[in-house]
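This report concerns only the one structure given below.
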Amino acid sequence: MNTLAALARVEAFAAEQAVALATVRHVHLAPHPLVLVPILLAGEAAAPLAALVGTDRADPQLLVVRQPRDRDQRFAFLADLARIVVGYIEGRRGETELVEATRNHEEWERHLDAPQLIVPNCGGIDALRLLGRSARFRSSQGPYPVDPLVPILGRYLTWFAEDRAPTAGSSVCLALTDVLGSHWATGQSALEDQHLAALLAWIVPQHFAPPDGRHLTGAQAAALTEDPARWPSAGPATDPEFDTEILSPLVTALQRAAGDPAAERRAEDGLRAALRDRLAPTWNLMWQGIDLLAGLPEAGHDSHRWMVDRGRFTDFARAIDEGAAPQPRREGAVAAAKRLADLESAQESYDKQRALDDPLILAGYRVTGEAFAGSVVAVDAERQDTTGRTPKPRPHVWLRTADPVVLRKGTKVACAQRPNQRPVIVDVKRDGEEYIVELELVDGMGRRAIPEEGSVPGAGEYRCYSTVLAAERFPPPPLPELAATPWTHGGPPAAYTPTGADHDEEWH
Amino acid sequence: MAATPPPNPAQNAARDPDVADRLAELRGPIPARHHDARTIAALTANPGCARRSVLDAAGVDKRALAERIGFGPRFGQSPFAISRGNAFEKLVKSDGGVTLLRLLCDELGLEVQEAAQNPDAKPALGDQWVDLGAGEREDRYRRTRDLVAASAREPGTGPVLADHPMLRLEVGGRAAYVEPDLVAFRARPRVPGTEVHAYGVTESAAEPAAPWRWYLAEIKSFAMIDGRADPVKVAEAATQSAVYVLAFQALLSGLGLPPGLVATDVVLVCPKDFSNAPTAALVDVRRQLAAVRRQLDRLPRIGTLLDGLDSGLSFDLSTDEDGEPLQGAAQLGKAVAAIEARYAPECISRCDMAFYCRDEARATGSTEVLGRSIRDALGGVAAMRDVLALSGREDCGSDAERGVRVEVDVDTDIDIDGAVNRDLDFAEAARLLSVARRARLEALAEAELRHREREAAA
Chain A
115 MNTLAALARV
125 EAFAAEQAVA
135 LATVRHVHLA
145 PHPLVLVPIL
155 LAGEAAAPLA
165 ALVGTDRADP
175 QLLVVRQPRD
185 RDQRFAFLAD
195 LARIVVGYIE
205 GRRGETELVE
215 ATRNHEEWER
225 HLDAPQLIVP
235 NCGGIDALRL
245 LGRSARFRSS
255 QGPYPVDPLV
265 PILGRYLTWF
275 AEDRAPTAGS
285 SVCLALTDVL
295 GSHWATGQSA
305 LEDQHLAALL
315 AWIVPQHFAP
325 PDGRHLTGAQ
335 AAALTEDPAR
345 WPSAGPATDP
355 EFDTEILSPL
365 VTALQRAAGD
375 PAAERRAEDG
385 LRAALRDRLA
395 PTWNLMWQGI
405 DLLAGLPEAG
415 HDSHRWMVDR
425 GRFTDFARAI
435 DEGAAPQPRR
445 EGAVAAAKRL
455 ADLESAQESY
465 DKQRALDDPL
475 ILAGYRVTGE
485 AFAGSVVAVD
495 AERQDTTGRT
505 PKPRPHVWLR
515 TADPVVLRKG
525 TKVACAQRPN
535 QRPVIVDVKR
545 DGEEYIVELE
555 LVDGMGRRAI
565 PEEGSVPGAG
575 EYRCYSTVLA
585 AERFPPPPLP
595 ELAATPWTHG
605 GPPAAYTPTG
615 ADHDEEWH
Chain B
8 MAATPPPNPA
18 QNAARDPDVA
28 DRLAELRGPI
38 PARHHDARTI
48 AALTANPGCA
58 RRSVLDAAGV
68 DKRALAERIG
78 FGPRFGQSPF
88 AISRGNAFEK
98 LVKSDGGVTL
108 LRLLCDELGL
118 EVQEAAQNPD
128 AKPALGDQWV
138 DLGAGEREDR
148 YRRTRDLVAA
158 SAREPGTGPV
168 LADHPMLRLE
178 VGGRAAYVEP
188 DLVAFRARPR
198 VPGTEVHAYG
208 VTESAAEPAA
218 PWRWYLAEIK
228 SFAMIDGRAD
238 PVKVAEAATQ
248 SAVYVLAFQA
258 LLSGLGLPPG
268 LVATDVVLVC
278 PKDFSNAPTA
288 ALVDVRRQLA
298 AVRRQLDRLP
308 RIGTLLDGLD
318 SGLSFDLSTD
328 EDGEPLQGAA
338 QLGKAVAAIE
348 ARYAPECISR
358 CDMAFYCRDE
368 ARATGSTEVL
378 GRSIRDALGG
388 VAAMRDVLAL
398 SGREDCGSDA
408 ERGVRVEVDV
418 DTDIDIDGAV
428 NRDLDFAEAA
438 RLLSVARRAR
448 LEALAEAELR
458 HREREAAA
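If you read the sequences in order, they're chains A and B. Quick note, the first sequence lines up with residues 115 to 622 if you use our numbering. Quick note, the second sequence lines up with residues 8 to 465 if you use our numbering.
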């Protein structure tokens, strides 16, 4: 948490209303996201209890497990969920575009669309991960056969929750509270922001106003959302009070009704109605949150990042078609190292892209000393380096800033106006309370003896230079082939062979 | 007659008549609240909170107190989670220890004295399993102690596993009873380097001839999936187990035995993956043990905290013959407010008083409301209005606007008051905050400009 975002929280507290942390939307929003609110039974590892799911805000589908501890009912639930989720995914695999061959990759087809799954909070993503783990090794044969779609769903859920969700900049699987929390600062703690209703109450208190039309501040609206009866938790766990007072008697009633079809139907209807009531407020909040995000202007790098997502989706969907093995329980050493490098590089480029797209994000680096901003006070555009055979243009630019400059001489920086030009800090002088930074331009001026027009900042221009924008990406160190994994890292990983334990895992 | 508790220096300090009298006075004429492993473990969370320390030391029922002043806590446990927990524990223990011994031997690489691995030994298992669950707490404690004493006298005889043992720990001068799930008698790592920890395989400290030790086992119903369990739940279980280890160490010293005879690795038994089959891992609780011990040692030294309080202060929750409370909510609220709290958002899931403290922190505009990491990012400035004033905003009603030094609280967990230069902290906070505000305003202006350009282009 940088000081800028922390100060924004204090300002939100004082104003009793959320304040902006971003001026553009840094996630992609698909035209038809699949919204999923999963609920698991308390005390069990991954026993689904219910889910509200769909792409149409007016018509969500409710899936309910009557007895979550019953293995067959769990997988019947997952099969129902698979029909919806996998059906949705298949629907994104229509048209493709041709991607021309590069040095490292031959020509290929990329889907023009990709799925987007939105869950309420990071607990929801964890629930997807657990459901994915419980489903992906199952088989449609053996002693406990499941619907053939269940293992496919398991692989997709694992891809969503474990592969894409942690990757910075990917918008294929989003936790709404995280996304909203990175775009708005509330006057409460990050812990309280996990409650979707409370977070939205700070941002759009008018949606929480009582029927009498009384005006509420964000803080007042957030206080209202602490009533779990009116604003239940968005899952994946239900409130203990709901479990005690509503769910437990309903489950008991269902058990007692066994054998009497009429009573059974009545009890089941009661359970479905109770769970629908419980999930409906969250469902509406999900769409309110999505609308809020849709109201923000799209970030400059949005289409590029979504293109990466589309490419990854194309690859993964094809791998599933080709019958790839389920993701392993634990990744091997090489795969894990590669994944870590991928995550780091994704984070780095996401940070850089956000700073380029959004002055408010860039401003955060001024507080941490990774950036400084001010006006250009003098320019020596004619300056040349004459030590070589041909003179090279090396203009110097002096910038006055009130930011404390802690960057050393020789550091490369860049600004949002010309991100590909990376001047070097030559000198930093103190001038009273302010600093004068002298920069030498070394690139991004064209190939001629004199710099291209507009490539040298002019006096009086306002610039914000940051090291984050100048960060260079180096290719990750070469990793050995899978088969050459050294013994220090466990040796070559064993190839996946479905074992008995995978699909007839002992249950009760 | 109760067995004489082992001598304990902390206990003598707690019997400091002044402090004990003062604490009894604060609590009023109702019995002190009994501690259990969960509440003792909770002492290690937020140790800097004076309010919680005093209420805990005095044995005040915080839940009842919070309810009386209108801020009843809301956390509870789901009946599904409770029944699942009970069912799993019953399942693990249902076969008289066969499964447990197999787990200890096969999965944890422990060697258990007595050839329990031998399938022929099965019929004799009845002799190796003893249930200490029946009877009064004091009686159960005495039987547990006798069993340990007997087993220490004649190693290799007696039961291998004891179910529901009862241990005792001095908490603030009073005996608290704690109940581990199981004790495994006399085990040791079989092969060095094969101990399996919940955090992954770690190197064992065991030498070829590792000494025999007692192992405590805790049965939890959260799943261990692909060898990994929820780290938050593991940490909770570890702190709770540390309380048992500490109590067992006290038992050993009471018998004149070295406290090192109980392993500081506890056996955590959990369901494997999505099944009901148990699996086990060793959890090293040395760090938690130190934290619990430190908090318990601190309790008697509560005197310094009490010195600053008004003499008439009371948290008496008792009622008169008609069931009317002796002290009204307002009076109690005033008493609570008299002791300083150190609120953090994490308190909400841990401390019964949290909703009151949060309300108080909000009312005073304390940066504690936002959480500790945010407070640190704000340079440790305690009041929101001071933050705004230091950032350069005017009319926030702060002393800082008039150039008065305000409260800056940097890392108070470490008592190095003398070493901290308050003026430096203040200047650093002011510099940070003013840069942050200026950067934010400039960025918003630039964003507005970009926005207008975009609109003009469209």
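By construction, the Cβ of each residue, glycine as well, lies at the ideal position given by its N, Cα and C atoms.
What residue range is occupied by the uninterrupted beta strand (DSSP E) comprising residue i?
i: T210(A); result: 210–213
i: A288(B); result: 285–291
i: G488(A); result: 485–494
i: H510(A); result: 510–515
i: S60(B); result: Counting along the chain, S60(B) falls outside any beta strand (DSSP E), though it belongs to the alpha helix (DSSP H) covering 57–64.
Which same chain residues, not among the five before or five after residue i, have their C-beta less than 7 angstroms away from its C-beta?
i: Y206(B); result: For Y206(B), the predicted structure reports a pLDDT of 46, less than 50, and the residue's modelled location is therefore unreliable. A value from the coordinates is still provided. Here the set comprises nothing.
i: R188(A); result: A161, P162, V179, P182
i: L476(A); result: A469, A485, A530, C578, S580
Going by DSSP, which residues form a beta bridge with residue i?
i: R532(A); result: C529(A)
i: H225(A); result: T210(A)
i: S321(B); result: Bridge partners of S321(B): none, in fact.
i: P287(A); result: Residue identity check: residue 287(A) is Cys in the sequence provided, not Pro. Answer by DSSP bridge pairing, in chain order: L231(A).
i: C354(B); result: Answer by DSSP bridge pairing: none, since C354(B) is not bridged.
i: K466(A); result: None; K466(A) has no bridge partner.
i: C112(B); result: According to DSSP, which records beta bridges pairwise, C112(B) is partnered with nothing at all.
i: Q338(B); result: Note: Q338(B) sits in no beta bridge, so no partner.
i: M231(B); result: K279(B)
i: T326(B); result: P332(B)
Count the other CB atoms, across all protein chains shown, that sit within 10 Å of the CB of residue i; report buried if there are 16 or more and exposed otherwise.
i: F274(A); result: buried
i: F356(A); result: buried
i: L289(B); result: buried
i: P278(B); result: buried
i: P591(A); result: exposed
i: A10(B); result: With a pLDDT of 42 at A10(B), under the threshold of 50, the modelled position of this residue cannot be trusted, and the question is left open.
i: A120(A); result: buried
i: Q255(A); result: exposed
i: K227(B); result: buried
i: K543(A); result: exposed
i: H42(B); result: buried
i: T272(A); result: buried
i: T602(A); result: exposed
i: A131(B); result: The predicted model places A131(B) with a pLDDT of 46, which falls under 50 and marks its position as unreliable, so this point remains unresolved.
Leaving out five residues on either side along the sequence, give the residues of the same chain with a beta carbon under 6 angstroms from the beta carbon of residue i.
i: S248(B); result: E225, V273, V292
i: C56(B); result: A348, R349
i: A182(B); result: R175
i: R278(A); result: S284, V286, C287
i: R243(A); result: A275, E276
Return yes when at least one heavy atom of the ligand NAD lies under 7 angstroms from the C-beta of residue i, else no.
i: A275(A); result: This structure simply doesn't include the ligand NAD, nor any ligand for that matter.
What residue range is occupied by the uninterrupted alpha helix (DSSP H) comprising residue i?
i: R45(B); result: 44–49
i: L361(A); result: No alpha helix (DSSP H) holds L361(A); DSSP gives it neither H nor E.
i: I266(A); result: 263–272
i: I317(A); result: 310–317
i: E96(B); result: 86–100
i: P375(A); result: 375–408
Applying a beta-carbon distance threshold of less than 8 angstroms, which residues of chain D neighbour residue i?
i: M391(B); result: Absence of chain D from the displayed structure is noted, the protein chains being A and B.
Spatial neighbours of residue i within its chain, please: C-beta separation below 8 angstroms, excluding the five flanking residues on both sides.
i: D327(B); result: L333
At least three beta-carbon pairs within less than 8 angstroms, the region 243–256 of chain B to the region 162–177 of chain B: yes
The region 237–251 of chain A in contact with the region 286–302 of chain A per 3-pair CB rule at 8 angstroms: Yes, the region 237–251 of chain A is in contact with the region 286–302 of chain A.
How about the region 314–321 of chain A and the region 141–158 of chain A: do they share at least three Cβ pairs that are nearer than 8 angstroms? no
With three or more beta-carbon pairs closer than 8 angstroms as the criterion, would you say the region 366–373 of chain A touches the region 255–266 of chain A? Contact between the region 366–373 of chain A and the region 255–266 of chain A is absent, because fewer than three Cβ pairs lie under 8 angstroms.
Using 8 angstroms as the threshold, is the region 126–139 of chain A in touch with the region 211–221 of chain A, meaning 3 or more CB pairs across them? Output reads no: the region 211–221 of chain A does not touch the region 126–139 of chain A.
Does the pairing of the region 293–301 of chain A with the region 406–416 of chain A give three or more beta-carbon distances under 8 angstroms? yes
Looking at C-beta atoms only, is the number of pairs between the region 433–440 of chain B and the region 459–469 of chain A that lie closer than 8 angstroms three or more? No: fewer than three Cβ pairs fall under 8 angstroms.
May I ask you to verify whether the region 299–313 of chain A touches the region 326–336 of chain A, counting CB pairs closer than 8 angstroms and requiring at least 3? yes
The region 97–107 of chain B / the region 384–391 of chain B touching (three or more Cβ pairs under 8 angstroms): Flag = no, the region 97–107 of chain B and the region 384–391 of chain B do not touch.
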